[in-house]
Structures are given as C-alpha cells and as structure tokens.
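Structure, as structure tokens:
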Amino acid sequence: MPLTPTDLDLRLHVFEQLYDADCGLQLGLDDTPFDPETEQQRAAQVAQRRRTPLGWDTERLWHFTTAPFDGFPRQDRQAWWRDYLGFTKPSRRGALFRDNSHIPPWMLTLLVVNWHAAPRDLVRQLRHFGTEGLFLRALLHQWSAAELAAAPAWFPAAYPTPAEDFNGESCFSVLDTCLRSVCGALPPGSTRQLFRGVPRKLLDRDRDTEGIFNRALLGLGLPTPADRVHFAKVTGSSVTYATGIVPWLAGTGVAGLELLAKWLTKGSADNCREMLREVARVAHGPGIAGFFLDALDSRAATVAAEWLQAHPQALLHAELSQTQADKALQFLRGVELPDLDPDAPGAGLVKRLRAEAAAPVLADPPRWWPTTPPSPAVVPFALADLPPLPVEGGQLAAAQVAQLLGALYEEPTGPLVASVRQHVDAEARDVFATGVLAAWVNVGAPYKTRWLLEALAEIAGARFVEQLTPLVSLWPKRSRHPLAFAGVAALERIGSREAAYALVQLACSGRGTKLENTARDAIAGLAAARGQTPTQIHDWALTTTPLTPQGHTHLTNGTHT
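Counting in the working numbering, the sequence shown runs from 599 upward without gaps.
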C-alpha cells in the first residue's frame, strides 16, 4: 500500500503501539512457560545497555530492539526480568520512575503491575503510572459489561483533580488523564474547555509527584491528536528525554512534530542527538521527511543527514516547502527517479533533478582549464552530493570539481578560480557554492575545513549569503565561535549588498559580543577598501533606495550619504 504524504510509517513493537489511544489493539496475558535459560537467550537478543544522554546527564540505559513479551507477563517472568534489568525498589512513594530511569517506562510498567489483578485493583495500580495507563485499553476486551459500566465511578468526578503537592499546598493533578480516557471517566470537551480557569502554575506544582520526566505525554489519552498537542501547550509541559519520543509520535502523529522540533532545541547537544536518533529509529515515512530536513539546522544535523540519505523515497513522496525542497536535492542526486503524476508532491523535485542530469558530464576538461591543475582538495562530503557546475553545454566531471575545490583551498584568487568566474554563469556558481556549504554543514561543519567558507566567497552570491547568515548567528550559541568568525570573513570577502546587509545585522545585535565586534571590523574593512566610511556602508546596505557603490543617491531632500 503506497504511503500518503502525511504518513509517518512508524515501526513500533506491540507495546509501543499502545501509546496511540486509537490503535484498537487487543492483548491477553502472556502464557509462555517460564524457563530461565530461554529468558536469558531472549534477553541477549532484544536488550542492550549502553551509555545514553538523559537531559544534561548521561546514564547507562536499557534499549530494546523489540518487546520480550507477546502479552502482559506473569509474575514469574516479571521477577526474572526485574532482576536482570537491575530494578530498584522505590526509595519513597512516587519515586518509581526516578529510581529506575535506566529502564524504559513501558517495560517498567509491564514488570511492576500485577496484570492478573481484578479490574478495580488494576485501575488502582495504574493510577500512578501516567501515560502507561493507556496499556489497560488492550485488556478491556476481557472485562464484563458490568465492570466496564462501573469503571468511571472509580475516579474523582472533578478533572483536573484537586490535590496536594509534597509541601501540602493545593494543586491540580492530571496524572490519571490517560487512565481516565481508557475507563470512560474523562469529562467531555476539548482540552481548552477542560483546563479553562485552571492556573498553569498550580499544574506545574504537581510536576514531581511520580517522578515522570516527559509530562507532555500525560495528555495522550485525550480524544484527538490536536487535543493532545494542546494539552502540552496548556500545561506548559514537554518531552525532555528520548524515552518520550515514541509515545509522542504514536499519540500525536504529524500534529505533534512542530512542538517536538522546539523541544529538540532544549537540553544538551548530546540529548538533542539522542532524541533525534529515536525519531529516526521508528519513523520512516514521507510525513517525517520535512521534520528531518528542518533538523539539518539543529545540533543533530549529522543524525538528520543520515536519515535523509537512507530515505530517498520518503523525500520524493513528501509535501515540502520550497526551502525544504532545496535541501532535499542534495540527498536525491544519483537516486533512481520514479515516474510521478504531475500533481504528486515530489513531481517538482523529480523535474529539477532530471534537468540537472540532462547536461552531460564533460569527457574532457574545458579548453580554458589549466594543463597542470591544482591537487584535489580533501573534503568531508561526497562530491556526488553537490549540484552540477554547468560549463559549455555540459557539466564538470567529479575530477574537475575536486580540482576546483583544491584551487579554492590553495589559491582562491588564482587563475583557475578567475576562469570559472569568467566562463560559468553567476547564478550557477552561487547554486554550486550554496550546495557545497550545505554538504559541509550536513556532515557537522568540521573545524578543519572551515577554509571552505572564505574560499567559496570567491564564487558565491546572494543565495549563499542567505544560507550562511543564520549559521553565523547560530554558531556562537553552540560554542563554535571560529566558524562564526570565518563566516564573517566570508561575508566581507563577498562584499555584495546582501553580504553588507548581513554584516550590519550582525553588528547591530546590541549584545556586545565578540561576533558583533568582528562584524563591525568587517564593515570597516569593506569601507576602507572602497574609500568610504562605515556609515556609508550601513546606508548602502539598509536603504531600499537605489544607491551607487559609493553609497550615494539623489533624493528630493538632498544628497544622502
């Protein structure tokens, strides 16, 4: 069955699927006979413990390739797995998840709940488990009609439920939202209606009641994905750790991607990468392609690039913005292109790729190419990922592209680069330079090859400036100041009006940072090279009135400089 543009193609094991309140999956009690040797073999196959970022810290967490049970486990298997995984008895009430953060919440729930208990007792146990209360839905088919009818009465009538925090102060609890949903005890109405008049700060004071880290997941029992997303906004909660990624994707689908992208910017760089790896592990459809293209601008760019490289078909069937489509081209060059309907989402991408491939690769270098070309540059990306550089009705071969990069490294103002500027269209040069920049950023923008920024300035234009400027602003926030300074030098070297405007924006940030001072120095350098003042460069860059390179124009109120 072909995937739709919004399909995430989530590949989840049976218990991960239960985080989707609409999945309709029915499970029973696992009646597999208990055998310690069999369990040991199974554990070696499906469970692995490794050091994993957890917020700002790193812990040795258990990871599972699939669930070790086909249904809800019996107590003998629970006891074996608790011992194997290093389960810790909670130090106090409400510390179950905090004291066992090395075990995924879904597995922890399976191991400590008595799934053979009577329905009311089962509800009592699960009331302390938050999101995992959704697991009960898979057992409802075993309840009698009388038990189903009685279930709503097992909960307080008010929701959110008035409660007390650890300090004895009044607050509102939403911990049982998912369990209420399963038992039909959730009042009707949208999230906005349910939380009207409830101060967010009183919900926040209940934050640590059960040691649950990803509190945005508590709303996954609400009726629609939009309600579940709105719950996170209303309560001011979020998904903080990678353990919350699968439940969030399963419960909200594409509706939750915008919030998830914001949460990726929180915490450490390692945590960001781990969260994105978890998305990459389970999501494989067109609906997630745009998310990964946007993630190329995050601290987990290398993780995003790996996913995009491995999922060309998802890119070709996704609905992408123009900016996303421009990024996608790099990951589709060399891929076998399908015949798509002209109205299909990927038809525009296919058309652009075929237009690129239409120009034949030159068998021999152009006649103006040096007989003794520079040595090829060593770059951290594949040359096949770069846009073609059209020359004389064809395009440069990979060998000549490598030599051009070598010339940019050794002698950016030398004869080969000058010949390229003379014989290659400015727009094509700009597209090529921007493609090199994107390829370099997607492999992590290594410090050793930051020379590319200034070197590419010799052939770059407005498109390159547009892509480089936000990176220059971003790098200092990620403690990558040398890259930012190299970017400023590249903008100064380009010297166009767009580049000058970017420098002015950087110089006028008002934060008094070293980057701001470096941008001011670059503006002063531009001015000195042209026999102008920095003020004239500012005026030339900022005004919408046509100006000469000297920063002059004629206005009705006189000469403006």
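Every residue, glycine too, gets a C-beta built ideally from N, C-alpha and C. None of these values were measured; they are calculated from a predicted model.
query	result
Pro-651 classed as buried or exposed, judged by whether at least 16 other C-beta atoms fall within 10 angstroms	buried
Extent of the continuous beta strand (DSSP E) to which Thr-650 belongs	645-652
Ser-973 to Gln-643 span [Cα, whole Å]	49 Å
C-alpha gap between Ile-1121 and Ala-867, whole angstroms	33 Å
Whole alpha helix (DSSP H) elements within the stretch 1046-1092, 4-residue minimum	1049-1054, 1060-1072, 1079-1092
Any chain C beta carbon closer than 8 Å to Val-1086	Reference to chain C is not applicable here, since this structure consists of a single protein chain.
Beta-carbon proximity of Leu-818 to Thr-729, cut-off 8 Å	yes
Cβ-based burial, Trp-1073 [other Cβ within 10 Å; buried from 16]	buried
Which of helix, strand or coil DSSP assigns to Val-612	helix
Euclidean distance between Cα positions of Val-1034 and Arg-1118	27 Å
Exposure label - His-915; buried when at least 16 CB within 10 Å	buried
The beta strand (DSSP E) enclosing Cys-769, as first and last residue numbers	768-771
Nearest-angstrom Cβ-Cβ length linking Val-901 and Ala-878, presumed shorter than 8 Å	6 Å
Simplified DSSP assignment, three categories, for Arg-805	Here Arg-805 scores only 42 on pLDDT, less than 50, and its place in the model should not be relied on; the value that follows carries that caveat. In this structure, Arg-805 counts as coil in the three-state DSSP scheme.
Of the listed residues Pro-821, Ala-848, Leu-874, Asp-825, nearest to Thr-838 (C-alpha basis)	Leu-874
Beta carbon of Ala-903 nearer than 8 Å to that of Glu-872	no
C-alpha gap between Ala-715 and Asp-633, whole angstroms	23 Å
Rounded separation between Phe-573 and Arg-826 - CA only	Shown here, the chain extends from 599 to 1159; a query on residue 573 therefore has no answer.
Start-to-end residues for the alpha helix (DSSP H) that takes in Ala-1100	1095-1105
Alpha-carbon to alpha-carbon, Ala-736 and Gly-622	7 Å
Span separating the alpha-carbon of Ser-1107 from that of Ser-1071	10 Å
7 Å Cβ shell around Pro-750 - same chain, five flanking residues per side excluded	Cys-781, Gly-782, Ala-783
Euclidean distance between Cα positions of Gln-1160 and Pro-821	Since the first and last residues shown for the chain are 599 and 1159, residue 1160 lies out of range.
Segment contact, 8 Å Cβ cut-off, at least three pairs: the stretch 989-1001 with the stretch 935-944	no
Pairwise C-alpha distance: Val-880 and Ile-1135	51 Å
Own chain, CB closer than 6 Å to Tyr-757, minus 5 neighbours either side, in chain order	Pro-785
Beta strand (DSSP E) segment containing Ala-761, residue limits	759-762
Neighbourhood of Trp-966 by C-beta, 7 Å cutoff - its chain only, sequence neighbours within 5 removed	Ser-1017, His-1021
Rounded C-alpha distance that separates Asn-1040 from Thr-921	15 Å
Three-state class that DSSP yields for Glu-637 in the structure shown	helix
Cβ-based burial, Tyr-617 [other Cβ within 10 Å; buried from 16]	buried
Inter-residue spacing [alpha-carbon to alpha-carbon] between Phe-662 and Trp-704	11 Å
Where Gln-1130 sits in the DSSP three-state scheme	coil
Length of the line joining the Cα atoms of Asp-937 and Leu-857	34 Å
Whether Leu-891 touches Lys-860 by CB criterion (8 Å)	no
Separation of Leu-608 from Ser-771, as counted between CA atoms	31 Å
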